[in-house]
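Following my numbering, the numbering of the sequence shown begins with 1 at its first residue and continues without gaps.
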Amino acid sequence: MRAIWALCLRNLRNFMRDRLRLLITILTPFGFIYVLTSLFQTQLQGNPIGHVIAGVTIATVFQTSLNIAATTIEDIGSGFMKEILVSPISRFQVAFGQMLAGATIATMQGFLIFAIGMFTGLGFQKPHTLLLVFLSMFLVGLVYSALGLLVATLVRDAQTYQIVEQAVVLPLVFLSGAYVPVNLFPTFLVYLSFANPMTYTTMFFRAIVLENNGTDAEMVKNGLAFSINGFIFKPWMSGLVVFGCGILFLILATVTFQRADFTHTRKRKRKKMEVSE
1 MRAIWALCLR NLRNFMRDRL RLLITILTPF GFIYVLTSLF QTQLQGNPIG HVIAGVTIAT
61 VFQTSLNIAA TTIEDIGSGF MKEILVSPIS RFQVAFGQML AGATIATMQG FLIFAIGMFT
121 GLGFQKPHTL LLVFLSMFLV GLVYSALGLL VATLVRDAQT YQIVEQAVVL PLVFLSGAYV
181 PVNLFPTFLV YLSFANPMTY TTMFFRAIVL ENNGTDAEMV KNGLAFSING FIFKPWMSGL
241 VVFGCGILFL ILATVTFQRA DFTHTRKRKR KKMEVSE
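Shown next, in the form of structure tokens:
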């Protein structure tokens with residue numbers, strides 16, 4: 001446990017030292033909140049500010065979780081990962097330390113945005129809602145940190161990871177309803193969003209933030225549930241999907257990380273240098 005915590009603290013310090021990246025990642029979501037509030041006001045009769053803040057917050061947690069996984073690639077390139085793996089620390093501890101760092105940083109950033117957003121009029125009627133918001137952000141951060149670690153372990157190249165990340169982030173976020181309501185999508189995109197894990201993540205988180213206890217029709221209208229041929233997929237079902245995806249990503253990430261050969265990239269570079277000489 002000490003090794004896991006040490007790896008987590010190391011990544012936290014590295015993230016806090018990059019002040020420019022920290023500033024950009026905090027300020028960017030507020031631009032989305034300002035632009036999207038008017039859109040949600042025309043589509044939703046309930047709490048448009050709550051819808052926007054919840055969507056932007058959970059999208060930020062998702063993107064930050066994937067971005068932090070890039071530190072694994074940096075550690076591979078710098079040789080730090082190789083030094084860690086020759087120590088008595090198990091690969092499972094290293095993998096979990098990386099995922100815990102990603103989840104912690106993503107939760108801190110998301111909660112900061114959420115806390116500032118509360119000054120715009122977002123409030124809660126139930127005293128335990130804030131705790132549920134925090135726990136759900138950490139769960140989402142852990143789920144997608146595992147996905148990011150899986151991709152980083154498979155790619156092991158910073159430039160390729162950026163391309164893959166953009167190819168993953170943009171479709172998943174914009175098809176989830178976090179920024180644009182799903183009911184504005186064409187029919188084929190609506191059905192495509194059903195296969196998007198971020199759709200269920202967004203609905204699950206919004207249901208917690210808005211403390212929604214309305215009817216099925218109201219939840220569907222407000223983007224907290226959706227109807228498939230008359231069957232209402234409710235928020236608690238979305239939570240089960242997120243939890244299931246988390247278990248799957250955790251297993252795949254840890255197994256892939258334990259089997260990965262982190263000397264392969266360095267050997268390949270040496271071969272290229274020998275050929276060029």
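Ideal placement from N, C-alpha and C gives every residue a C-beta, glycine not left out.
By DSSP's criteria, residue i is part of a beta bridge. Which residues make up the other side?
i	result
Ile232	Ser227
With H, G and I counted as helix, E and B as strand and the rest as coil, what does DSSP make of residue i?
i	result
Leu175	coil
Ser87	coil
Arg17	helix
Asp261	coil
Phe205	helix
Phe124	coil
Gly244	helix
Ala195	coil
Tyr157	Reading off the sequence, residue 157 comes out as Asp, not Tyr. Coil.
Asn212	coil
Val220	helix
Rounded to the nearest angstrom, what separates residue i and residue j at their Cα positions?
i	j	result
Ala260	Tyr179	36 angstroms
Thr254	Phe188	35 angstroms
Arg91	Met81	10 angstroms
Leu210	His51	8 angstroms
Val151	Phe111	25 angstroms
Ala54	Asp157	33 angstroms
Tyr191	Phe62	22 angstroms
Met198	Ile89	33 angstroms
Trp236	Met137	15 angstroms
Under the rule that 16 or more other beta-carbon atoms within 10 Å means buried, what is residue i, buried or exposed?
i	result
Pro186	exposed
Gln125	exposed
Leu139	buried
Gln45	Interpretation of Gln45 is limited by its pLDDT of 49, a score under 50 that renders its predicted location unreliable; the figure taken from the coordinates is listed afterwards. The residue in question, Gln45, is exposed, as its Cβ has fewer than 16 Cβ neighbours within 10 Å.
Leu66	buried
Phe231	exposed
Thr215	exposed
Asn196	buried
Gly244	exposed
Val86	exposed
Inset, instruction - Mind the definition here: the stretch 106-117 touches the stretch 74-83 only if three or more C-beta pairs lie below 8 angstroms; say whether that holds. - result: no
Inset, instruction - Spell out a yes or no on whether the stretch 201-209 and the stretch 157-164 are touching, meaning 3 or more CB-CB pairs, one atom from each, closer than 8 angstroms. - result: no
Legend entry - Contact the stretch 125-132 vs the stretch 162-176: 3+ CB pairs below 8 angstroms: no
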